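So the structure is just underneath, and the comments pick up after that.
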Amino acid sequence: MLTKHELDEIMSKWGISIKGYTVVTKGIVNTNWIIISSEGKFVLRRLSHFKNLKSLGLEISYLHDLKNHNFPYQIPIPIKNRNERFFLTYKRQYFWLYKYIPGSFKNQLNKLELNELAIMMKKYHNIVKISRFNKIKKPEVDPFFRNAILRESLRLKKLIFKGKFTLPQDKIFLNWLSLIIPILKEMKLTPYSKLRTYPLHGDIKQDNLLWKESKLIGILDFDNIGRSNFTIIKDLSVVLQYCCVKKKDRTRLNFKLARFFLNAYADDMKLSTNEMKAIPLLITLQYIDLFNYTYWLLKNNPNRAKLSDLVIRAKAAKWYYQNKEKIFTNLKF
17 MLTKHELDEI MSKWGISIKG YTVVTKGIVN TNWIIISSEG KFVLRRLSHF KNLKSLGLEI
77 SYLHDLKNHN FPYQIPIPIK NRNERFFLTY KRQYFWLYKY IPGSFKNQLN KLELNELAIM
137 MKKYHNIVKI SRFNKIKKPE VDPFFRNAIL RESLRLKKLI FKGKFTLPQD KIFLNWLSLI
197 IPILKEMKLT PYSKLRTYPL HGDIKQDNLL WKESKLIGIL DFDNIGRSNF TIIKDLSVVL
257 QYCCVKKKDR TRLNFKLARF FLNAYADDMK LSTNEMKAIP LLITLQYIDL FNYTYWLLKN
317 NPNRAKLSDL VIRAKAAKWY YQNKEKIFTN LKF
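If you read the sequence shown in the numbering used here, its first letter stands for residue 17, the second for the next number, and so on.
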């Protein structure tokens with residue numbers, strides 16, 4: 017974590033003196049600081065090791081493009097520093113700054129709020145489809161990111177055996193891999209692979225949505241832009257995974273809320289049968305990806321992960337895959 021002196025050094029590049037700051041604890045990939053100064057409140061963002069300079073440039077251009085298309089929600093627009101650049105390299109890490117967006121987060125969304133979210137996503141997807149970024153076509157050579165996730169699972173497994181696994185997370189990870197690897201190998205990829213992909217947010221959930229009472233006012237964390245392209249249904253499946261879940265078990269889908277959200281979104285933007293069938297498979301993959309990443313965090317940055325999360329994410333992946341037909345039947349319209 018950065019010291020006060022290091023933060024002062026960084027903020028001086030924007031000509032801002034720090035009066036106070038807090039570290040944002042939400043999220044498990046990037047690190048953010050809320051900076052308080054006489055010029056107002058700002059958010060300083062340190063990028064994860066997954067991000068490179070090219071993808072950072074694309075993300076910044078993308079945010080400005082959304083603004084130029086009059087996207088009616090507040091988004092984290094980067095501020096130029098004294099060198100007329102939108103980012104800063106400090107000790108071989110990238111940082112950028114944006115004006116603090118006031119608002120509150122919600123742990124659980126009701127139908128009124130899900131309707132607000134559906135309206136936002138329709139506007140967002142329509143802008144992306146007509147923007148210049150819609151021309152950035154990346155062929156879907158790895159549908160669901162199945163192959164990449166499988167490779168990562170096998171890589172982590174190999175590392176465990178090299179180290180003669182001795183920690184609790186090693187044993188838990190290996191036990192669940194015996195179920196997860198067959199799921200990854202048997203997952204059917206077509207016809208999802210034929211769907212059009214776009215540079216999309218891919219992580220629209222409670223931690224990235226800002227509200228004023230029941231009014232959606234802002235969207236945060238466009239970190240996936242420049243790294244991966246997604247299908248529209250992939251973007252929607254993340255909403256279902258996090259925002260349309262049961263209160264007592266947030267790893268299980270609330271069919272009523274999920275149907276309500278999809279109907280609100282698809283009232284004039286129809287979803288195909290192929291897209292609907294992909295939903296449980298996409299969520300399965302998202303949980304397996306989180307399972308792998310949680311294990312990696314437990315080994316490399318244990319303060320940002322819990323051992324219990326490893327089991328929860330594996331169980332969720334199992335549930336969504338085993339109930340894929342039931343999920344499709346309950347969501348189709």
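In this text, a Cβ means the ideal position worked out from N, Cα and C, and glycines have one as well. This structure is a prediction, so every number in the text was calculated from the model and none was measured.
Cutoff 7 Å; reference residue i; Cβ partners in own chain excluding five residues on either side
i, result
"N123", "Q222"
"N97", "K29, W30, L104"
"P155", "Any reading at P155 must be qualified, since the residue scores a pLDDT of 48, below 50, and its modelled position is unreliable; the value itself is stated next. No residues qualify anywhere along the chain."
"T310", "A321, D325, L326, R329"
Reference residue i, options the options, closest by Cα
i, options, result
"E341", "P318, I146, I295", "I295"
"F246", "H21, M136, I220, R266", "I220"
"P215", "F160, P184, H141, A282", "H141"
"L172", "R320, I304, W312", "W312"
"D325", "A274, L306, N126, L82", "L306"
"L347", "F277, F160, N319", "F277"
"K115", "L60, C260, I328", "L60"
"D283", "N191, L269, I135, W49", "I135"
"Y336", "L236, R266, H85", "R266"
"L256", "F344, D24, Y110", "F344"
"K57", "L113, K293, D237", "L113"
"L200", "K315, L23, L298", "L298"
"L287", "L211, N319, G234", "L211"
6 Å Cβ shell around residue i - same chain, five flanking residues per side excluded
i, result
"P207", "N290"
As assigned by DSSP and simplified to three states, the class of residue i
i, result
"R329", "helix"
"K262", "coil"
"K348", "coil"
"P207", "coil"
"K35", "coil"
Span of the beta strand (DSSP E), counted from its first residue to its last, around residue i
i, result
"Q109", "109 to 115"
"K104", "A quick correction: the sequence has Leu, not Lys, at residue 104. L104 -> beta strand (DSSP E) spans 104 to 106."
"W49", "47 to 53"
Neighbour flag for residue i against chain C, beta carbons, 8 Å
i, result
"P94", "Annotation note: the requested chain C is absent from the structure, which comprises a single protein chain."
Continuous alpha helix (DSSP H) stretch holding residue i: start and end
i, result
"K187", "184 to 202"
"G56", "Run containing G56: none in the alpha helix (DSSP H); it sits in the beta strand (DSSP E), 56 to 62."
Cβ-based neighbour list, residue i, same chain, cut-off 8 Å, excluding 5 preceding and 5 following
i, result
"F238", "E75, Y78, L79, I91, P92, H217"
Q.
Does the structure place the segment 32 to 39 close enough to the segment 80 to 91 that three or more beta carbon pairs sit under 8 Å?
A. no
(Q) If contact is defined by three or more beta carbon pairs under 8 Å, each pair taking one atom from either stretch, is the segment 92 to 109 in contact with the segment 200 to 214? (A) no
Q: Report yes or no: do three or more beta-carbon pairs, one from the segment 126 to 143 and one from the segment 265 to 285, lie closer than 8 Å?
A: yes
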